[in-house]
Amino acid sequence: MIRLPAREYAHRRQALMAQMTPGSAALLPAAPVQLRNRDVEQVYRQDSDFQYLTGFPEPEALLLLIPGRAQGEYVLFCRERDPERELWDGKRAGQDGAVRDYGADQAYAIDDLDEVLPGLVENRTRLYYPLGISESFDRQVSGWLASLRQRARQGINPPVEFVALDHLLHEMRLIKSEAEIALMQAAADVSAKAHVRAMQTCRAGLNEYHLEAELEYAFRLGGAKLPAYGSIVASGHNACILHYRENDQPLKDGDLVLIDAGCELDCYASDITRTFPVSGRFSPEQRAIYELVLAAQTAAFAAIAPGRHWNEAHEAALRTLTAGLIELGLLHGELETLLEGEAYKPFYMHRTGHWLGMDVHDVGHYKVEGQWRPLQPGMVLTVEPGLYIAADNLQVEARWRGIGVRIEDDVLVTAEGCRVLTGGVPKTVAEIEALMAAAGGEAA
Ligand code: GLY
Ligand code: MN
Ligand code: MN
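For the sequence shown, position 209 matches number 1008 in this note's numbering, and the numbering has no gaps at all.
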């Protein structure tokens, strides 16, 4: 299975430390274990920032970076080996493993954290950490500071400046390296195959959850441990519910089905939406709406290149969608006036995309100093226009009601423009109908 190489993590730590002020330290805790119900745990997912800097997959761990420290700059606190616990819950790296396999310069037992940590940061003036994200971690940091203050007369100077670590780290995460791009391409390929599988399986009489099962089977076959977010399989009117999650309705001839699903590989997300007819053939109204959304996506792609700003793709999609809605008779008036008045809002109420990376809605600012951010090579974003005509929208002819379409792809900004990572799933009406007809033929 594809994984990031250890040198990638070492490089990130170095890059972060190079941006920290001299005489500072950084702290970052691993994600806590979450209970699902009673004593059953949620499947463990490492915190994305912690994973980004360590690649260390265990809970109950803490990263400490101390730039310039002679005895080692990278200190990892983690669980001790414990044959009894490992028999029940699985292997632990322990302190030897943290050094040997994860590149730590020094490792300590997490049980000794309160005793050891204050001494490691005692004369550091500035502390970077995820401020105000977790109450329990804020309390822990306060406790360490209190213990240092008690030793003031011994000449100990506790840190006096506290800086949110997120900003430096999230700016780094926004620009993807070659290795990250390869991993995101692999995740995109697995998700693309899953969507193809769902299209091939789809037929009236099945339920939305049958398609969800096909998707998640394909994710697991591709080596993904988890979907990157809750899969949406929304047929008929359900497609107009943006974050529909029930996935429990029968698939009916004549309806469309909207699938928004992507897997996560080595903590990197993919995020794909396709909308296709249950029967394999679009009705004229479904086709018209679908082709308009596809045209909006094409217009958005054309607005993605280095130097173009973040919002240009959204603006291009809005213009195409609004013009198309006028042409179809779903909006009435003059294009510029309708755009200005946001007349598209009843049909298109979300934005055209978001950053994509370790988190499906990834980190990174969209505006810098009040201005939409210019795109740079290495940024990855989604492009996901849609149209949703509510079943109870009496402003439009009955034939349009209840149609919901979204088309979503993952896109890398390149030196020349952009590259679609999720091109492995059919997207035009002709391609989708051909794929579904071939699958139906095989099944017969
Ligand atoms: N799947 C969530 C989104 O598309 O943003
Ligand atoms: Mn998305
Ligand atoms: Mn999505």
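We put the CB at the ideal spot given by N, CA and C, even for glycine.
Over the uninterrupted beta strand (DSSP E) stretch that includes residue 1000, give me the two end residues. First-last for residue 1000: 977 to 1000, but that is the alpha helix (DSSP H), not the beta strand (DSSP E).
Is residue 1161 helix, strand or coil by DSSP? Three-state DSSP puts residue 1161 in coil, outside helix and strand.
8 Å is my cut-off, CB to CB: does residue 1118 come that close to chain B? This model lacks chain B altogether; it includes just one protein chain.
Determine, using beta carbons only, whether residue 1001 and residue 1010 come nearer to each other than 8 Å. yes
Kindly list the residues whose CB is nearer than 6 Å to the CB of residue 936, restricted to its own chain and excluding five residues on each side of it in sequence; keep chain order. 828, listed in sequence order.
Residue 1205 and residue 1177: beta carbons closer than 8 Å? no
Nonlocal neighbours in the same chain, by C-beta distance under 6 Å from residue 1189, ignoring five residues either side: Beyond the five residues adjoining it in sequence on each side, residue 1189 comes within less than 6 Å, by CB distance, of 1039 in the same chain, given in chain order.
Could you tell me the distance, in whole angstroms, from the CA atom of residue 1023 to the CA atom of residue 868? 38 Å
Start and end residues, beta strand (DSSP E) containing residue 1203: 1203 to 1205
Should residue 1230 be labelled buried (16 or more other beta-carbon atoms within 10 Å of its own) or exposed? Residue 1230 should be labelled exposed.
What is the rounded straight-line gap between the Cα of residue 809 and the Cα of residue 917? 24 Å
With distances taken between CB atoms, is the gap from residue 844 to residue 1025 smaller than 8 Å? yes
Report yes or no: do the region 880 to 890 and the region 1078 to 1094 share at least 3 C-beta pairs separated by less than 8 Å? no
Kindly examine ligand 5 and report whether one of its heavy atoms sits closer than 7 Å to the Cβ of residue 1221. Looking for ligand 5 in the displayed structure turns up nothing; the ligands present are ligand 1, ligand 2 and ligand 3.
Closer than 7 Å: residue 1181 CB and nearest ligand 1 heavy atom: yes
Could you check whether the Cβ of residue 1036 sits closer than 7 Å to any heavy atom belonging to ligand 2? no
Could you check what DSSP says for residue 1189 in three-state terms: helix, strand or coil? Secondary structure at residue 1189: coil, using DSSP grouped into helix, strand and coil.
Taking buried to mean at least 16 other C-beta atoms within 10 Å of its own C-beta, is residue 1243 buried or exposed? In this prediction, residue 1243 scores a pLDDT of 39, lower than 50, which makes its location untrustworthy; no coordinate-derived value is stated.
Spatial distance of residue 826 from residue 878 (CA atoms): 17 Å
Check this for me: beta carbons of residue 1219 and residue 1210, under 8 Å apart or not? Against a cut-off of 8 Å, the Cβ pair of residue 1210 and residue 1219 comes out as a contact.
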